[in-house]
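Student: The structure's right below; bear with me while I get my questions together.
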Amino acid sequence: MALWGGRFSSGPDHAFKQFNDSLPFDYQMAEEDIIGSIAWAGALQQVDVLTAQEHQKLVAGLNELLNEVQQDPNAIATAGDEDIHSYVEAKLIEKVGDLGKKLHTGRSRNDQVATDFRLWSRKTAKQLLTAIASLKQALVTLAEKEFGTMLPGYTHLQRAQPVLFSHWCMAYFEMLERDEARLESALSRINVCPLGSGALAGTAYAIDREQLAANLGFDRASRNSLDAVSDRDFVVELLSCASISMMHLSRLAEDMIFYNSGEAGFIELADSVTSGSSLMPQKKNPDALELIRGKTGRVFGAFSAMMMTLKALPLAYNKDMQEDKEGLFDAMPTWLACIHMAEACIKGVKVNAEKTKAAAQGGHANATELADYLVAKGIPFREGHHIVGELVQVAISEGKNLEELSLSQFKAVCDVIDDDVYPVLELQACLDARLALGGTSPMQVQLAISNAKKNAEFTVRDATLNDVEAIAELIQYWAREGENLPRAKSDMIHSINEFAVTEVNGKVTGCASLYIYDTGLAEIRSLGVNPESNVKGQGRALVNHLIEKGGKLALGRIIVLTRVPGFFSKLGFADSHKSQLPEKVMKDCELCLRKDNCDEVAMDYLIARPNSLRIDCRNVA
28 MALWGGRFSS GPDHAFKQFN DSLPFDYQMA EEDIIGSIAW AGALQQVDVL TAQEHQKLVA
88 GLNELLNEVQ QDPNAIATAG DEDIHSYVEA KLIEKVGDLG KKLHTGRSRN DQVATDFRLW
148 SRKTAKQLLT AIASLKQALV TLAEKEFGTM LPGYTHLQRA QPVLFSHWCM AYFEMLERDE
208 ARLESALSRI NVCPLGSGAL AGTAYAIDRE QLAANLGFDR ASRNSLDAVS DRDFVVELLS
268 CASISMMHLS RLAEDMIFYN SGEAGFIELA DSVTSGSSLM PQKKNPDALE LIRGKTGRVF
328 GAFSAMMMTL KALPLAYNKD MQEDKEGLFD AMPTWLACIH MAEACIKGVK VNAEKTKAAA
388 QGGHANATEL ADYLVAKGIP FREGHHIVGE LVQVAISEGK NLEELSLSQF KAVCDVIDDD
448 VYPVLELQAC LDARLALGGT SPMQVQLAIS NAKKNAEFTV RDATLNDVEA IAELIQYWAR
508 EGENLPRAKS DMIHSINEFA VTEVNGKVTG CASLYIYDTG LAEIRSLGVN PESNVKGQGR
568 ALVNHLIEKG GKLALGRIIV LTRVPGFFSK LGFADSHKSQ LPEKVMKDCE LCLRKDNCDE
628 VAMDYLIARP NSLRIDCRNV A
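Numbering follows the numbering used here, in which position 65 of the sequence shown is assigned residue number 92; successive positions increment by one, without gaps.
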């Protein structure tokens, strides 16, 4: 089905149709197109284009279609429609008849695709932020585990100065911190709703676009219709974020490949991220790391291609912009897969502390300390630098390290050197001396680790029976504050598997539960965080944890009754109606003291099926 044709006396040539159709790749936005259509149906009802009955019928048809799409998303790709928008409209018409033809009123494929793509990009960015946070944590854990392990630091791939292995870990932590910040910043610009901009000039219907944006979980509506339908800055930003982060991952991979080599032997990679040779049985190849390094070019290519596509496009929409998707659809899963693989490599690595220490002691890595020693003796640094160079030559000729030279050998070159030079040249002394902020001294590295843990100091996990008392206290606290979180302690014991908790410094500070109905629908209940914990992000983490849990359980939909819809909309929940809720939910509402003056809003979240288009390493060739 095409969404145009009246103007044309004949259909498209077969070759042109193949060239023009985007369904073989934009089918990946099927869920987003349906979700956007549900929101648009609500907007049309508000301006009386649709009656309440028509709206209800359309939404029911769209929800039915959504369930079908989630069951077998890949089947859409070969359906033969021009694009995902025409596919969804055709399937909707099959379900609800001519009523389905009314849904496109006041809407263009231009604002439709821009909305779908932003929804997909937002979902993807959130998945990537979670993955980056997990990799950061893995680096911090490794830094703690190997604290005190010495490592030669390199410049020009030549041994330069000794550092702590933990210092190396935290260097990549800093890179990931910047990756995370860039992506969070990009997310704020992604989260703008273009729906209601029409083809380019806006819609002729008095749509409340801010409400429409809120219903789709966007921060705000776009401010200019011309820009809204043609803006692909968010794609460029995402690809830029991906490219910079992939560069960091590639550098991490290169370091670890070198450290894992037989020539260095500093680390050993786990069997789970390595492979063998088809000919040489002794080989253990760092394939995961090499693939990270190789796939970096793939992401860079997508970024360059997008910039070239956009560089000379006039306002507003142009068909060239169809080329915006394939690159992003490939780059984002690639980036995510590489983050996951990097984390697996970090978690499974074994460090050979003896070899790293021996290497740190070699190569005259304490030469800078000797120069600083001479400065302390009153010799200008430039002159001291020359003296140390001469001493290095002596050490090389003797086949010794600097600290192995005799005092007479030192004095033959510079007579101000005395016995007090030897403690200065000890490896630990070299590390201890780097006391300035950001240095490799144990004190500074410990500070870096502590700060990293402080900034992510809560964890979220499934609850156990040991958490019942803490959960009960949280529920009682919020009950006193007027929130309706009714759960008896006995009920909590029997249903502890429904709960998730957050911990700060080993103490439970937040909780939430996922109550599953007979229909396969689930409701988030008993969400509460101890405000005295003073750690932000716990509520968000709990909800995301339960959404992920719901996905693993093959749930299709999660609902919530809330007095803070703004919080849930930012997490991807959309406005719903209590009429759409199961009877069991409404019966529970009858127990509420506020039932006659209820101020709770119904919202729901549509979960992608495990076999749908959630980004996964397995989707990357």
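All C-beta atoms in this analysis are idealised placements derived from N, C-alpha and C, irrespective of residue type, glycine included. Please read all numbers here as calculations on a predicted model, not as lab measurements.
1) Mind checking whether L156 and L85 have CB atoms under 8 Å apart?
2) Since C441 sits in a beta bridge, which residues does DSSP pair it with?
3) According to DSSP, F485 sits in a beta bridge with which residue or residues?
4) Would you kindly work out how many angstroms separate the C-alpha atoms of T323 and T467, rounded to a whole number?
5) Measuring alpha carbon to alpha carbon, tell me which of E559, P592, Y542 ends up nearest R584.
6) Quick one, which of K44, A387, V415 has its alpha-carbon nearest Y400's?
7) What is the DSSP secondary structure of E550, counted as helix, strand or coil?
8) Report back the beta-carbon spacing between E59 and L146 to the nearest angstrom; my notes put them in contact at under 8 Å.
9) What's the gap between the Cα of N47 and the Cα of G555?
10) Run the CB neighbour count on S272, radius 10 Å, all protein chains shown included, and call it buried at 16 or more, exposed below.
11) Just reading off the alpha helix (DSSP H) that G593 is part of, what are its end residues?
12) Under the three-state reduction of DSSP, which class applies to Q45: helix, strand or coil?
13) Contact between the stretch 243 to 257 and the stretch 131 to 142: three or more CB pairs below 8 Å?
14) Based on Cα-Cα distance, which residue from N493, H521, E525 lies nearest to V535?
15) Helix, strand or coil: which one does DSSP assign to N312?
16) Any idea which residues DSSP pairs K655 with across the strands?
17) Can you name, in chain order, every residue of its own chain whose Cβ lies under 6 Å from the Cβ of L169, other than the five neighbours on each side?
18) Tell me the rounded alpha-carbon separation between N524 and D459.
19) Determine the extent of the beta strand (DSSP E) in which A226 is found, giving its start and end residues.
20) Are V190 and A269 closer than 8 Å when you measure CB to CB?
21) Roughly how many angstroms separate the alpha carbons of N101 and K172, rounded to a whole number?
22) State the CB to CB distance for the pair P221 and S193, rounded to an integer number of angstroms; the pair is presumed to be in contact (CB under 8 Å).
23) So I284 packs on G133, CB below 8 Å; how close in whole Å?
24) Give me the residue from A87, G69, G107 with the minimum Cα distance to K44.
25) Which residue wins for smallest C-alpha separation from N561, given the options K481, R409, D626, V74?
26) Cα-Cα, which of S435, K384, F261 is closest to A291?
27) Grouping DSSP H, G and I as helix and E and B as strand, with all else coil, what is V96?
28) According to the neighbour-count rule (16 or more other Cβ atoms, all chains shown, within 10 Å of its Cβ), is I423 buried or exposed?
29) Determine whether the beta carbon atoms of G593 and G566 lie at a separation below 8 Å.
Tutor: Put simply:
1) No.
2) DSSP lists no partner for C441.
3) F485 is bridged to V531.
4) Spanning the alpha carbons of T323 and T467 requires a straight line of approximately 29 Å.
5) It is Y542.
6) When only C-alpha atoms are compared, the closest one is V415.
7) The answer is strand: DSSP assigns E550 an E or B state.
8) Rounded, the Cβ-Cβ distance is 4 Å, consistent with contact.
9) For N47 and G555, the distance between alpha carbons rounds to 51 Å.
10) Buried: at least 16 other Cβ atoms inside 10 Å.
11) First-last of the alpha helix (DSSP H) with G593: 592 to 596.
12) Residue state for Q45 is assigned as helix, using DSSP reduced to three classes.
13) Enough Cβ pairs lie closer than 8 Å, so yes.
14) Minimum Cα distance to V535 is reached at N493.
15) Looking at N312 - three-state DSSP - the assignment turns out to be strand.
16) With the chain covering 28 to 648 only, the question about residue 655 has no answer from this structure.
17) Excluding residues up to 5 positions away in sequence, C196, I373 lie with their Cβ nearer than 6 Å to the Cβ of L169 in the same chain.
18) So the two alpha carbons sit approximately 49 Å from each other.
19) Run containing A226: none; DSSP gives neither H nor E here.
20) Between V190 and A269, the C-beta gap is not smaller than 8 Å, which leaves the two residues out of contact.
21) The straight-line gap from Cα to Cα measures roughly 44 Å.
22) 46 Å between Cβ atoms; not a contact.
23) Not a contact, Cβ separation roughly 56 Å.
24) Closest option to K44, judged by alpha-carbon separation, among A87, G69, G107: G107.
25) In terms of CA proximity to N561, K481 leads the group K481, R409, D626, V74.
26) Among S435, K384, F261, the Cα nearest to that of A291 is on K384.
27) Three-state DSSP puts V96 in a helix.
28) Counting Cβ neighbours within 10 Å, I423 comes out exposed, since fewer than 16 surround it.
29) Taking 8 Å as the cut-off, the beta carbon of G593 is found no closer than this to the beta carbon of G566.
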